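Reminder that position 131 of the sequence shown reads as 232 in my numbering, one-by-one numbering, no gaps.
Backbone N, C-alpha and C define an ideal beta-carbon position, used for all residues, glycine too.
Bear in mind that the values here come from a model prediction, so they are computed numbers and not experimental data.
Structure first, then comments.
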Amino acid sequence: MSYRFKNITIKKTNLYYLVLVIVAIIIPLTTYPLIYGVDAFQVMWMANALKKGALFSENTWLISPFSYFGYYPFSHRAIGIPMFLAFLMSLLEFLSFGVFGITEAVLMFNIILIIIIYKCSRNLGNKLFEEEWSRFVFVAAILLSPNAIQDFAMTVSTRIIITIVMLV
């Protein structure tokens, strides 16, 4: 019975993968006005502080280079994500003439994460499976899994980024 599946061929694979990525990008849009997650408001506060020009004297998490990686006592989280969000906020604010803010930056951040997750899972699928349909199912299972959806549906989370870095 397992030999019957080897005859399944997928034509126009790039189109199927494109549709899969678009579906994964549309999922965060269903919760667009809401930003939730573990310590999401803290990350947004840090991003706003960095964007507005945080001073070392007022923000102790900028004192040591170790705080950039989340080492206590200087910072309780790595500030790479707030730095990237501050960059995205500034870029989107510049491109939209001041219309876009933190919510749009988080959405853009999540779209970038979706693309990275897609690329990593496709590379891993190419190494694990010979058949194209198996690769597609593998990529779809990773992109549309409840854990992945929870992590990139307007959530500011460091856990998914650590997972991606470990995969790469």
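1) Determine the extent of the alpha helix (DSSP H) in which Ala187 is found, giving its start and end residues.
2) Determine, using beta carbons only, whether Tyr203 and Met190 come nearer to each other than 8 angstroms.
3) Residues in the same chain with beta-carbon distance under 8 angstroms from Arg223, minus the five sequence neighbours each way, listed in chain order, please.
4) State the DSSP-derived secondary structure class of Gly202, mapped to helix, strand or coil.
5) Does DSSP put Ser246 in a helix, a strand or coil?
6) On the three-state DSSP scale, how would you describe Phe230?
7) Mark Phe198 as exposed unless 16 or more other C-beta atoms lie within 10 angstroms of its C-beta, in which case mark it buried.
8) Mind checking Asn211: buried by the 16 CB within 10 Å criterion, or exposed?
9) Would you mind working out which of Leu193, Lys220 and Lys152 sits nearest Leu208, comparing C-alpha positions?
10) Would you kindly check if the distance between the Cβ of Ala148 and the Cβ of Leu244 is under 8 angstroms?
Considering the structure as presented:
1) Residue numbering aside, residue 187 sits at position 86 when the sequence shown is read from its first letter. Gly181 to Leu196 is the span of the alpha helix (DSSP H), which, as asked, contains Ala187.
2) Indexing the sequence shown from 1 puts residue 203 at position 102. Indexing the sequence shown from 1 puts residue 190 at position 89. Just to set this straight, residue 203 is Ile in the shown sequence, not Tyr. Closer than 8 angstroms, so yes.
3) Position 122 of the sequence shown, counted from the first residue, corresponds to residue 223. Cβ neighbours of Arg223 beyond the five flanking positions: Tyr118, Arg236 and Val240.
4) The residue given as residue 202 occupies position 101 in the sequence shown. In this structure, Gly202 counts as coil in the three-state DSSP scheme.
5) Position 145 of the sequence shown holds residue 246. Note: Ser246 maps to coil in three-state DSSP.
6) For the purposes of this step, residue 230 is identified with residue 129 of the sequence shown, where counting begins at 1. Correct three-state label for Phe230: coil.
7) Translated into positions along the sequence shown, residue 198 becomes position 97. Phe198 should be labelled exposed.
8) Taking the sequence shown and counting its residues from 1, one reaches residue 211 at position 110. Asn211 should be labelled buried.
9) Taking the sequence shown and counting its residues from 1, one reaches residue 208 at position 107. Taking Leu208 as reference, the option from Leu193, Lys220 and Lys152 with the minimal CA-CA separation is Leu193.
10) Within the sequence shown, residue 244 is the residue found at index 143, counting from 1. Within the sequence shown, residue 148 is the residue found at index 47, counting from 1. No, Cβ-Cβ distance for Leu244 and Ala148 is not below 8 angstroms.
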